[in-house]
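What follows is a set of notes on a single structure, which appears directly below.
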Amino acid sequence: MPISELKKQALAVFSGAKNLAELDSAYHLYLGRKGKLTLLLRSLRELPETSRREKGKEANDLHDFLEQQFSKRKQELQKEEFTQSEKAERIDVTAPGKRIALGRLHPLTRVQRAAIRIFGSMGFGVAEGPHIEAEWYNFDALNIPANHPARDMWDTFWLKDSKNSRLLLRTHTSPVQIRYMESHQPPFRIIAPGRVFRYEATDAKHSFDLHQLEGLMVGRDVSVAHFKAVIQKFYELFFAKSMTIRLRPSYFPFVEPGFEVDMSCVICGGTGKKAKNTPCSSCGHTGWLEMMGAGMVHPNVFKAAGYNPREWQGFAFGMGVERLAMMKFGVPDIRLFFEGDLQFIRQF
Ligand SMILES: [Zn+2]
């Protein structure tokens with residue numbers, strides 16, 4: 031094809047391009063690696079020297095010219111596309127506004143996050159474990175063997191099947207203790223927040239699906255005094271007021287000694303009475319609220335996790351997140367947290 035013809039064609043195609051994509055393919059058609067002009071330039075090598083020089087100059091000039099034309103057209107099209115999108119996206123500032131529905135965090139999420147933050151400030155990391163758990167982690171490794179009567183303390187959802195070990199929905203967050211210890215060496219301090227499941231009837235104080243926050247601190251000389259200090263500090267920061275706690279002896283198979291932790295009632299300030307001397311119903315006018323179970327990690331639990339109980343000691347605790355939220359926000363019924371009632375959730 032004569033060069034003049036090529037020029038005419040290319041110019042027509044460039045100016046005929048209706049958008050940047052079309053212009054781009056036009057570029058490839060003439061100036062691309064396999065474009066018509068590129069191939070022409072390449073074929074000049076085969077011409078005798080005299081005509082090669084003359085033709086070569088002509089073709090090179092055309093190449094520069096077409097490059098220029100291409101950029102010019104590109105600018106035009108860019109400008110056009112910009113104007114069009116400006117028109118399409120024009121904002122009518124006088125149009126009435128749309129109401130945006132604000133989302134918010136569920137009160138249990140907020141309580142859990144606050145707890146993670148507070149324990150984090152005391153050097154506790156966060157550990158997690160699966161909801162579906164092996165019998166070994168949920169019971170045996172925690173010093174609750176198969177025929178031990180203590181198993182009845184946890185009403186369990188068992189899963190059908192499972193060939194090697196029986197599976198269940200974890201009844202507490204304590205299996206995370208074992209899982210963590212299997213893969214870490216002390217000293218350490220962790221909390222493990224998460225869902226747990228109990229096969230039991232639901233009422234104002236019980237739910238079959240609830241949240242726990244497990245704690246575990248292990249070192250060479252970790253004592254009950256450490257536990258008391260950590261928990262007292264936690265409650266003070268969480269409820270933002272000074273707090274008294276007391277420990278009562280109790281039994282849990284995975285701790286020795288074990289205790290229940292009571293906290294001075296946040297509603298009546300520990301007096302057991304409300305205004306005009308009426309009894310405080312939140313604490314049964316005792317002035318104390320039962321908050322959680324805890325204790326010093328049982329030597330058998332250390333052994334199950336592969337630690338030497340003569341070398342290490344530590345405390346463990348498990349608190350109910352719902353219980354914390356009920357006290358913090360004055361919620362009278364645990365079921366409210368799970369009903370998905372937006373009117374309830376929007377209060378927090
Ligand atoms: Zn009270």
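Every number in my numbering is 30 more than the matching position in the sequence shown, counting from 1.
Don't be surprised by glycine CBs; every beta carbon is placed ideally from N, CA and C.
Segment limits, alpha helix (DSSP H) that includes Ser101: Start and end: Glu79 to Ala118.
Cβ-based burial, Arg200 [other Cβ within 10 Å; buried from 16]: buried
Anticipated Cβ contact below 8 Å, Gly348 with Gly323, distance rounded: 6 Å
Ser312 Cβ short of 8 Å to ligand 1 heavy atom set: For Ser312, the shortest separation between its Cβ and any heavy atom of ligand 1 lies below 8 Å.
Environment of Glu244 [buried if 16+ CB atoms lie within 10 Å]: buried
Extent of the continuous alpha helix (DSSP H) run through Ile208: Pro205 to Ser213
Residue environment, Leu69, which counts as buried when at least 16 other CB atoms sit within 10 Å: exposed
Check whether Ala305 and Met326 have beta carbons under 9 Å apart: no
C-beta contact flag for Phe218 and Val248 at 9 Å: Between Phe218 and Val248, the C-beta spacing is below 9 Å.
Cβ-heavy atom distance, Thr274 to ligand 1, below 8 Å: no
Ile130 to Leu372 span [Cα, whole Å]: 16 Å
Phe44 burial status per 10 Å Cβ neighbour count (16 or more: buried): buried
Inside the stretch 146-180 only - alpha helix (DSSP H) runs reaching at least 4 residues: 165-168
Inter-residue spacing [alpha-carbon to alpha-carbon] between Ile162 and Gly224: 12 Å
Euclidean distance between Cα positions of Thr203 and Gln242: 6 Å
DSSP beta-bridge partners of Ser294: According to DSSP, residue pairing for Ser294 in a beta bridge involves Trp318.
C-beta atoms of Ala334 and Ile220 nearer than 9 Å: No, Cβ-Cβ distance for Ala334 and Ile220 is not below 9 Å.
Of the residues Leu96, Glu79, Glu158 and Pro175, the one placed nearest Glu165, counting alpha carbons only: Pro175
Exposure label - Gln105; buried when at least 16 CB within 10 Å: exposed
Three CB pairs or more closer than 8 Å across the stretch 169-189 and the stretch 279-287: As far as the Cβ criterion goes, the stretch 169-189 touches the stretch 279-287, which means the pair count is three or higher.
Where Asn168 falls, given that 16 or more other Cβ within 10 Å makes a residue buried: buried
9 Å Cβ cutoff met for Lys38 and Leu96: No; because the gap between Cβ atoms is not below 9 Å, this pair is not in contact.
Limits of the unbroken alpha helix (DSSP H) element including Glu341: From DSSP, Glu341 is part of no alpha helix (DSSP H); its letter is neither H nor E.
C-beta contact flag for Met357 and Ile297 at 9 Å: yes
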